[in-house]
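Asker:
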Amino acid sequence: CFATGNFPAAGAEEPIGDLDGKALAAILEWMEFYEKSDKYEYVGLLAGGIFYDEDGRETEVGRTIREKATKAKDEADRVKEEKKREREKRRAERMKNKKNKK
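See the structure below:
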C-alpha cells in the first residue's frame, strides 16, 4: 500500500478505513498525481468493490473515505502553509536584526 509502505500481498488487503487521516491524505495525493500525469494512462476503475459499485458509481464507503482524506489533506496543507509563513517571518526578523547590527 502506498500509504503504509507494506507492499506484500498482505499489505494490499489492509482495510483502508482503518488508516489515519495522514495516510488517507497520502493516498489522495497519489490518486491526484496519477490523474494529472501524462505518463500514466487512465484505464478505468475497479468496480464492484468497496469504493465503486458494479456500475462504476462511488459507494457511500468510497465517498466517506474520500471526504476524510480530503479533510486530512486540507489540514496538512494548512499546517504546511502555516509553517512556511512562520519560517518566512523568522527569516525576515533575522534579516532585520542583521541590518540593525550594522
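In this note's numbering, the protein residues as written are 78 to 179. The beta-carbon is built from N, C-alpha and C at its ideal position, and this holds for glycine as well.
#1: Report the residue from E137, D151, L123 whose alpha carbon sits nearest the alpha carbon of V131.
#2: Whose C-alpha, out of A149, V138, K166, is nearest the C-alpha of L101?
#3: Note the first and the last residue of the continuous alpha helix (DSSP H) segment covering T136.
#4: At a threshold of 7 Å, does G139 count as lining the ligand HEM (C-beta to nearest heavy atom)?
#5: Does the segment 144-160 come within contact of the segment 111-121, defined as at least 3 CB pairs closer than 8 Å?
#6: Excluding the 5 residues flanking I93 on each side, which residues of the same chain have their C-beta closer than 7 Å to its C-beta?
#7: Going straight from the alpha carbon of R140 to that of K99, what length do you get?
#8: So, helix, strand or coil for Y111, using DSSP?
Answerer: In this structure, then:
#1: Note that residue 131 is Glu in the sequence shown here, rather than Val. Among E137, D151, L123, the Cα nearest to that of E131 is on L123.
#2: Of the listed residues, the one whose Cα sits closest to L101 is A149.
#3: In the DSSP assignment, T136 falls outside any alpha helix (DSSP H) and carries neither an H nor an E.
#4: Questions concerning the ligand HEM fall outside what the structure shown contains, since it holds no ligand whatsoever.
#5: Counting C-beta pairs closer than 8 Å gives fewer than three between the segment 144-160 and the segment 111-121, which falls short of the contact rule.
#6: So the qualifying residues of the chain are I142.
#7: The alpha-carbon atoms of R140 and K99 are separated by roughly 17 Å.
#8: In this structure, Y111 counts as helix in the three-state DSSP scheme.
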